[in-house]
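To keep things clear, I will list the structure first and then write my remarks on it.
In UniProt numbering, the protein residues as written are 1 to 1147.
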């Protein structure tokens, strides 16, 4: 037996009758279940570690994130979230992530170059997708590219070659593209170009892109240049190689002799414009070159973020001017490019109708910055070609309007920036459609940023940018936002009453609009074989939970963690729509780090120097007054108060005009200052304790009354005039000379803080410290503090008291009395020792009915009424001597006492170290649960002899980090590097997590590419070349004649431990899904629609020809009529002249 428990009765002495009466009590009684405790995991709220890859499916509305630990997280609509580890036995960094748009397949490549494909349509246990295929790749992968039109994935390797992976058949096709730049380097070597690569050099492949309007063209970027590969002909159609001539500045940073030499900056990334006419190429020197695909000899334009034509030598640039010195600063390489396009238009509309001048394309640029530039992601805005043509002179044909003046179309109209606190590391475009390389009509942008060797921060922004530096920030899903500097440093779980929960819900704060992710649905489901209807009814009776989290950036969040979030809001009519519509956890309030810093620095006399490792260590919420206590590791504490419902709140600038929305550096942020027009005064919440006259005392002006002890002091400052955004307003700051907080309690307007052996008590009604009697030569650390309202052995009258338990087991009771409008601590200190209970963990006091006597407004009101009622006082004096019991749990033992400080009733010794304890409320009964270091949990009958009634089997989750905080319903929280784990001792009629998820909706069909390829189709008529290939043709070319039958999608394994009830989230077909058939159907639809467009266009051309023919016939008729009329006129004129001549002869 792991625990050798020994039961001993304490000496009863003269209190034997009282002890006998206490032992006869039974709060546990007979529970409905023989083993009332059932250990279970309610939720694993896995947090993203360091984000390494991102992907977005515009058709399904799903956002996928890969992390450094090899975990993939998928986020969708409210309550839709799942995560899984691609390799269970080891951590493998996710290197590349991509959706195969139009199907439920998610493509993942990790750092071991293993290709894993998961099917989001078939979910297994705990809503994790099934593995569709896995393949070990032959070399280091540097880039991947796929499209929704065909079923092949292009995989680029560091050696410059490309493999074609057939996603429909789950195999590598026979078509392999060799290194396309080797021949180009050989040409350079033969031509004698200085600094030509050696023959041993292998050109590295850096990027791959499919042409947006011609699937037959593949742009492959190498470090030396870009090659356009023709899949049909299996040859290079053209190459693009940027050469900076001598004297030209280029990207900057070159000086001296190198400035007057020919340079070939290496390529880092590429991006097509949506019409396929222009290719943007990023270079290592921070410049961007733009190429006309029909002219590979000369670029259209070469520019940096702030300068154009950097490939042209300019005499002014060669002089030592300030501007030249600025341009000569070394620039970052261009790390990534994306060319966003406006909503898709039809070909005829684009060719014949002038686009509005407000429509534009945006080139998103990551990198290319100098040390003096502001960190962030920059956007250059370009006008549409049609819009440009409409502003000039009328062109002779629609074709020239579309393709003329390409260089002028590359002159940016403006430049915007999405600023970041640290260097931007990556971004993800969130488009509305799957056209134009997943950059068509984007609505958002997700950016990751970090300093060196620091976790990455994630922010989301609306797109396109509205102003140069004023952008609208969007709120990421709660768990996704808790990354980087906002990762959790401390967390705790608390139970709150229904009234407090309603108040928090009613006044919840939504500072930012949510990122509009609409993918998937979540349905509630019961655990095990329980019925959903019974679970819904039980959840309505369950207490509410809140999650308090402190983060690395000093921000503090309050989130709803109640089971009601995972259950429908009805219990009778189960035919209604039961989809879950709120996240779990659901964010209620967020105190920004800037607000916390401002409150810490606010001082009437001096600025406070903050330590660099400042962090949040404890958070407490007083549910009665909705006041928040935040404790830091430097000895400071802040007290915030939630403003009343009708109070005008300062919300800060509107979200749409929030400048940059970038937090200032953590410990360099300026404090908030009072505005020129001060905001409405902060009215304190209604006090829990009133004066003798019944009035709520007004807040007093700022006072400083230090409490001096032995080598330490503590003082408080009123900071309620501080103007900060949000509904939680700072009220007081407490400063202590010691930085080691060992215990605290926060109830009914009192705050007790223990710093080692020293105790400080504050009254929040006045903001002042309450003087307390000094303990003589007591140096033991205070381990437990508890405010109670009840009697003791020496005083049967209920009053406000503070229990102070030290590491030696010594317990001190401090009595509080009200004098006028203030509260004081009695000078009498009642001390009793139980030295055998060293290192206490928790203390609880209950009345004879088992009701917890922890301080509350209700108990305080009853106590004050009893003090004023003589009859109740006399009844209390006549009543029995037994009125309360207390329980003290230490690491190696626990004991119960009568009347709080009276005779010891029972004591039990532990052989295994205890780490936590709680009094649980189950089925209307009470029992005491104790957690041990080895992960086991034992339940005891109370009060009596503390008889053990159940041992819960050990689980691995408790062994590593055992929980120390338990709610009355048996729920506890464990936080580790994987995230937050919600565990319960009462896993009965609890909703399951994750809920039943549906991640793929097959009705979200892919828009075909017919519209996008129509322009190239018409161009092929005029150019005399073959038209663009269809997806089916590309699949046939790449897969070859020996293509095997398509692979069927795996069927989800049913979850035997938790069978689904109600709506089923996964398909039940045993034959799986043939994605190749989907592709063929999509290709057939595409071909049919293309034929329809061609037929329509041909019909229009035929009608035009008929009209022209009719017009020509009419003109011919008019010409013939005019000729006939002219001949008749001439004949009549001759006849008339002859008549006149004859008439003259006879006269």
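Glycine included, C-beta positions come from ideal geometry on N, C-alpha and C.
Note that this is a predicted model, so its numbers are computed, not measured.
Cα-Cα separation between residue i and residue j, rounded to whole angstroms
{"i": "residue 861", "j": "residue 793", "result": "22 Å"}
{"i": "residue 1149", "j": "residue 732", "result": "This structure cannot settle anything about residue 1149, because the visible part of the chain is limited to 1 through 1147."}
{"i": "residue 782", "j": "residue 907", "result": "22 Å"}
{"i": "residue 448", "j": "residue 376", "result": "10 Å"}
{"i": "residue 243", "j": "residue 227", "result": "15 Å"}
{"i": "residue 44", "j": "residue 283", "result": "44 Å"}
{"i": "residue 546", "j": "residue 949", "result": "30 Å"}
{"i": "residue 978", "j": "residue 590", "result": "22 Å"}
{"i": "residue 474", "j": "residue 970", "result": "36 Å"}
{"i": "residue 1138", "j": "residue 1122", "result": "24 Å"}
{"i": "residue 84", "j": "residue 551", "result": "24 Å"}
{"i": "residue 306", "j": "residue 329", "result": "13 Å"}
Simplified DSSP state of residue i, which is helix, strand or coil
{"i": "residue 1067", "result": "Low per-residue confidence applies at residue 1067: pLDDT is 35, beneath 50, and the placement is therefore not dependable, though the value from the model is reported in the following sentence. Three-state result, residue 1067: coil."}
{"i": "residue 125", "result": "helix"}
{"i": "residue 312", "result": "coil"}
{"i": "residue 633", "result": "coil"}
{"i": "residue 746", "result": "strand"}
{"i": "residue 584", "result": "coil"}
{"i": "residue 422", "result": "coil"}
{"i": "residue 942", "result": "coil"}
{"i": "residue 501", "result": "helix"}
{"i": "residue 92", "result": "coil"}
{"i": "residue 35", "result": "coil"}
{"i": "residue 814", "result": "strand"}
{"i": "residue 478", "result": "helix"}
{"i": "residue 723", "result": "coil"}
{"i": "residue 249", "result": "coil"}
Own chain, CB closer than 6 Å to residue i, minus 5 neighbours either side, in chain order
{"i": "residue 850", "result": "27, 926"}
{"i": "residue 1047", "result": "169, 170"}
{"i": "residue 1171", "result": "This structure gives no information on residue 1171, because the portion of the chain shown stretches from 1 to 1147."}
{"i": "residue 596", "result": "554"}
{"i": "residue 367", "result": "332, 333, 334, 335"}
{"i": "residue 840", "result": "783, 784, 805, 888, 890"}
{"i": "residue 211", "result": "217, 276"}
{"i": "residue 240", "result": "225, 226, 291, 296"}
{"i": "residue 74", "result": "62, 64, 82"}
{"i": "residue 25", "result": "943"}
{"i": "residue 92", "result": "70, 110, 111, 112"}
DSSP beta-bridge partners of residue i
{"i": "residue 181", "result": "Answer is none; residue 181 lacks a bridge partner."}
{"i": "residue 844", "result": "887"}
{"i": "residue 921", "result": "926"}
{"i": "residue 210", "result": "218"}
{"i": "residue 622", "result": "627"}
{"i": "residue 916", "result": "931"}
{"i": "residue 140", "result": "For residue 140, which the question treats as bridged, DSSP gives no partner whatsoever."}
{"i": "residue 460", "result": "446, 474"}
{"i": "residue 381", "result": "362, 414"}
Rounded distance between the beta-carbons of residue j and residue i, thought under 8 Å
{"i": "residue 1148", "j": "residue 441", "result": "Lying before the first or after the last residue shown, residue 1148 is absent from the chain, which here runs from 1 to 1147."}
{"i": "residue 166", "j": "residue 151", "result": "6 Å"}
{"i": "residue 730", "j": "residue 748", "result": "21 Å between Cβ atoms; not a contact."}
{"i": "residue 97", "j": "residue 115", "result": "Actually they do not touch by this definition, with Cβ atoms about 12 Å apart."}
{"i": "residue 19", "j": "residue 905", "result": "6 Å"}
Own chain residues within Cβ distance below 7 Å of residue i, not counting five before or after
{"i": "residue 581", "result": "78, 79"}
{"i": "residue 745", "result": "752, 785, 786, 787"}
{"i": "residue 833", "result": "809, 810"}
{"i": "residue 807", "result": "780, 781, 783, 838, 839"}
{"i": "residue 371", "result": "329"}
Beta-carbon contacts of residue i that lie in its chain and below 8 Å, excluding the five residues immediately before and after
{"i": "residue 1037", "result": "175, 231, 232, 1029"}
{"i": "residue 512", "result": "473, 474, 475, 655"}
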